[in-house]
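So that you can map any letter, position 556 of the sequence shown is 556 in the UniProt record's numbering, and since no number is skipped, the others follow by simple counting. Ideal Cβ positions, reconstructed from N, Cα and C, are used throughout, including at glycine. Nothing here was measured: the structure is a model prediction, and the numbers come from that model.
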Amino acid sequence: MTTRQELANAIRVLSMDAVQQANSGHPGAPMGMADIAEVLYNDFMSHNPQNPDWANRDRFVMSNGHGSMLPYSVLHLTGYDLSMSEIKNFRQLHSKTPGHPEYGYAPGIETTTGPLGQGLANAVGMALSEKVLAAQFNKDGHDIVDHYTYVFLGDGCLMEGISHEACSLAGTLNLGKLICFYDDNGISIDGDVAGWFADDTPKRFEAYGWQVVADVDGHDADAIRVATETARLETDKPTLICCKTVIGKGAPNKEGGHDVHGAPLGAEEIAAARKAMGWTHEPFTVPDDIYAGWDAKDKGATAENAWNEKLAAYSAAFPAESAEFTRRMAGDLPADWSEKADAAIAAIIEKAESPATRVASKNALNGFAPLLPEFLGGSADLTPSNNTFSNSSKGINSMHGTDKDYTGNYLSYGVREFGMSALMNGVALHGGFIPYGATFLMFSEYARNALRMAALMKIRSIFVYTHDSIGLGEDGPTHQGVEQTATLRLIPQMSVWRPCDGVETAIAWRAAIEKQNGPSCLILTRQGLPFQQRTDTQQADIVKGGYVLKDCDGTPDAIIIATGSEVGLAMDAAAALSDKNIRVVSMPSVDAFEAQDAAYRESVLPGAVTARVAVEAGVTGGWYKYVGLNGKVVGIDTFGESAPAGELFKHFGFTVDNVVAAVNDVL
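Here is the structure:
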């Protein structure tokens, strides 16, 4: 009979062989955590290799993503569509087994991990999604949402500051179905972590409100099983299981040291490891009895079929709720979304108001949120400033003191910009929600890597950033965004919108909601902005990212390009240049404009018109692509100052006279 040790050794051997063949990778964590993975997958995980997207599956996240050969090995062994040829192609071009787990490559990989701590934070978002979905959809006797989120993590994840943000909130939110296995091997790249990581981790997590199962032998299957059972019995607290492990377990001459962390073991050590483990098979060869011991296809199909029966009973009793659950988990917008979104935007146009775009954003939310029960909003302790709590918002934990209502759809994240953004990514990955979260534009800096990960994974997270420029005013340069909008535009697959009024704001929100293959940033003002009159054609062109807002007779003498709060300034400057043919182009989204065909882009910015000026209250470098080296950019390439916004705009040259002078200079 195949032993548990032999099953775990299959992970060890596949991991060391794949890393050796690639001549690159991290064998230490997969070999050290193999016993934990064996118990988790064979005794506890509810999943179906034949349907990796089953809605009620348990989620598994390898937060210490450098150990990617562990999930790849497990997915292969349990029966996912991840062949041995893909294991052999570890870290090779276009393989399903890249160096760190990447969402969308191997089936069964729930999130892209590697930047340490973010997988853990994603998992908190997944566990939050499970809890809120359960509260919104489960009925007495009908628990159609009922699954766990399991995480593997290491010392590096716990050293990263995001682990504090995410785990503190997880404890506060009582996420009892979040279970984390801490690979406490005492080793990182530089060596023994005792010199730089002497935290009392169990006490730290107890202080967060977690259940902690300490001092578990990470190589004792019975101890791991008992610890996991203990974790599952606690329904009101997430659990940290502290597993004492040996990094590179099974490599007799290298285990326990930092040399095994991130480099191939070498042929000699691999041969010694095979001998020590009693593994007599050739590289990339797994015997049938080992495959049989791991195979989860039948068990997974049985689990999913049982759930399908539950769903059928639920559908019979609650047909509307069942249809809604199915729609939301599929990521589809409501059938009447387009028609009702048109009506919501028409209502905004009819009012013709001139608020700050952060206020216009709330107006848009008030129109769209009743149509989208899948919205899960929030703010990093700036809700009244970000205006993200709509008339349809219901707080999960905001404005309720210590009370929580998990049927809600809005979360106060606290001052946790990075944690909020990574949690949102986990929510988007879980399914059933469209997450949006807000802070000041300046604090997108704290969240930056989570934004990049959202773009890398092409998921629908919506990041709302208000107080977008020197228009913030008296709080000064520590809070005034100057370079942030420009650098956000540099992130591949990220849509960035900086609207100029309520209409552009509503259309930016709609574009972000409808974009299913990537995240969006909405960049919004503190100060009020003028309403711009448009024809139906102009309004329809807003979604194209750049369009002619004011045109002239014949060929333009010059073109003024502007975004956000500077569009009104450009329009005023054009009026002051009434003796010239001036075209004003509003460009709320550079990436959306770049996605249009060449003919449309030429119609907006004809190549024959070389006299061009761009106006934006931010750094200037990116705009020379549109104005040319002989064009002018009215912008700001220094930090701001502390003063009322109106004074700052004058001080830094955002005046009609200065824009007029720039136009005259290029003519």
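Extent of the continuous alpha helix (DSSP H) to which residue i belongs
i	result
tryptophan 497	Here tryptophan 497 belongs to no alpha helix (DSSP H); instead the beta strand (DSSP E) covers 495-497.
alanine 486	484-488
alanine 614	Note, alanine 614: premise wrong, no alpha helix (DSSP H); beta strand (DSSP E) at 612-615.
isoleucine 559	Run containing isoleucine 559: none in the alpha helix (DSSP H); it sits in the beta strand (DSSP E), 558-562.
isoleucine 224	221-233
leucine 16	One detail in the question is off: residue 16 reads as methionine in this sequence, not leucine. Segment 4-22, the alpha helix (DSSP H) holding methionine 16.
lysine 625	624-627
valine 503	502-514
lysine 88	84-88
glycine 32	28-39
cysteine 167	161-172
threonine 537	536-541
serine 421	417-430
valine 567	566-576
Segment limits, beta strand (DSSP E) that includes residue i
i	result
proline 435	434-440
tyrosine 150	149-154
threonine 239	239-244
valine 74	Careful: valine 74 lies outside any beta strand (DSSP E), inside the alpha helix (DSSP H) at 69-78.
Residues sharing a beta bridge with residue i, DSSP
i	result
phenylalanine 654	Answer is none; phenylalanine 654 lacks a bridge partner.
serine 379	Ser412, Ala438
tyrosine 547	Ser586
valine 145	In the DSSP output, where bridge partners are listed per residue, valine 145 has none listed.
tyrosine 182	Leu153, Cys242
lysine 394	According to DSSP, lysine 394 bridges with nothing at all.
isoleucine 523	Tyr465
arginine 59	Thr149
residue 680	Nothing can be reported for residue 680, as the shown portion of the chain is limited to 1 through 667.
aspartate 217	Lys244
Residue i - DSSP class collapsed to helix/strand/coil
i	result
serine 188	strand
phenylalanine 531	coil
phenylalanine 463	strand
glutamine 211	strand
lysine 404	coil
lysine 458	coil
valine 619	coil
threonine 201	helix
serine 603	helix
isoleucine 470	helix
tryptophan 54	coil
glycine 263	Inspection of the sequence shows that residue 263 is occupied by alanine rather than by glycine. Note: alanine 263 maps to coil in three-state DSSP.
proline 319	helix
tryptophan 196	coil
Residues near residue i by beta carbon distance below 6 Å, same chain, minus five either side
i	result
valine 19	Gly25, Pro27, Pro264
leucine 116	Gly156, Cys157, Glu160
glycine 437	Gly378, Met420, Met424
residue 677	There is simply no residue 677 to check, as the chain begins at 1 and stops at 667 in what is shown.
valine 193	Asp155, Gly186
glutamine 136	Thr407
serine 642	Glu474, Gly476
valine 609	Pro556, Ile559
residue 681	Nothing about residue 681 can be reported from this structure: the residues present for the chain run from 1 to 667 only.
aspartate 295	Gly79
glycine 564	Arg498, Cys500
Own chain, CB closer than 8 Å to residue i, minus 5 neighbours either side, in chain order
i	result
glycine 618	Ser469, Gly481, Val482, Glu483, Gln484, Thr485, Ala486, Gly635, Ile636
serine 589	Ser495, Val496, Trp497, Arg498, Ala508, Ala511, Gly545, Gly546
leucine 371	Pro334, Asp336, Trp337, Lys340, Ala341, Ala344
aspartate 58	Phe44, Met45, Ser46, His47, His147, Tyr148, Thr149, Tyr150
lysine 139	Tyr314, Ala317, Phe318, Glu321
valine 61	Glu110, Thr111, Thr113, Gly119, Leu120, Asn122, Ala123, Met126, Thr149, Tyr150, Val151, Phe152
methionine 31	Ile11, Arg12, Ser15, Met16, Ile247, Gly248, Lys249, Gly250, Ala251, Glu255, Val260
lysine 404	Leu173, Asn174, Ile396, Asn397
isoleucine 459	Tyr103, Asn425, Ala428, Leu429, Gly518, Pro519
alanine 272	Ala251, Pro252, Asn253
Residue i beta carbon near the ligand GDP (any heavy atom closer than 8 Å)
i	result
lysine 237	Here there are no bound small molecules, and the ligand GDP is not part of this structure.
Within-9 Å CB hit, residue i to chain B
i	result
alanine 306	Given the protein chain composition of this structure (a single chain), no chain B is represented.
7 Å CB neighbourhood of residue i in its chain, flanking five on each side removed
i	result
leucine 260	According to the sequence provided, residue 260 is valine. The question's leucine does not apply to it. Around valine 260: Pro27, Gly28, Ile247, Gly248, Ala251, Lys254.
glycine 300	His47, Asn48, Pro49, Gln50
phenylalanine 531	Ala352, Glu353, Ser354, Asp501, Gly502
glycine 653	Val634
Notebook entry, point to check: Considering only residues of the stretch 323-375, which uninterrupted alpha helix (DSSP H) runs meet the minimum length of 4 residues and lie entirely inside it, listed in chain order?
Noted result: 337-351, 357-368
Next item on the list: Ignoring anything shorter than 4 residues or poking outside the stretch 267-303, list the alpha helix (DSSP H) runs there in chain order.
Entry: 267-277, 288-294
Check: Which runs of the alpha helix (DSSP H) spanning at least 4 residues fall entirely within the stretch 94-143, listed in chain order?
Finding: 118-137
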